[in-house]
Amino acid sequence: MTFEVIVLAAGKGARMQSREPKVMQDLAGKSLFSHVMTVAAGLQASHIHVVHGHDEGFYSVRFSNYPV
């Protein structure tokens, strides 16, 4: 059986009082996005899709190391 993963990565992080989006906040030395992608990659999905905010350039650079 094949399946795909959708990662919801939008959000400005304003309530966290940060200029970085929520998914880029650190938790235990890694970004929240990195933690989610580690789990998603372990699922061996056929595709991983990331729904992100309006600034595509910001996300493209930061997500380039991941199979999305």
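774 is the number of the first residue of the sequence shown in the working numbering; add one for each residue after it.
All C-beta atoms in this analysis are idealised placements derived from N, C-alpha and C, irrespective of residue type, glycine included.
Close beta carbons around residue i, own chain, < 8 Å, minus the five adjacent residues each side
i	result
Gln798	Gly786, Met789, Ser791, Ser804 and Leu805
Ser819	Thr775, Phe776 and Glu777
Rounded Cβ spacing between residue i and residue j (contact assumed at less than 8 Å)
i	j	result
Ala782	Val823	5 Å
For residue i, the three-state DSSP class (helix, strand or coil)
i	result
Ser804	strand
Glu829	helix
Rounded C-alpha distance that separates residue i from residue j
i	j	result
Met774	Val796	29 Å
Leu816	Asn838	17 Å
Val780	Ile821	7 Å
Ala801	Gly784	20 Å
Same chain only: Cβ atoms within 7 Å of residue i, ignoring 5 sequence neighbours per side
i	result
Glu793	Gly786
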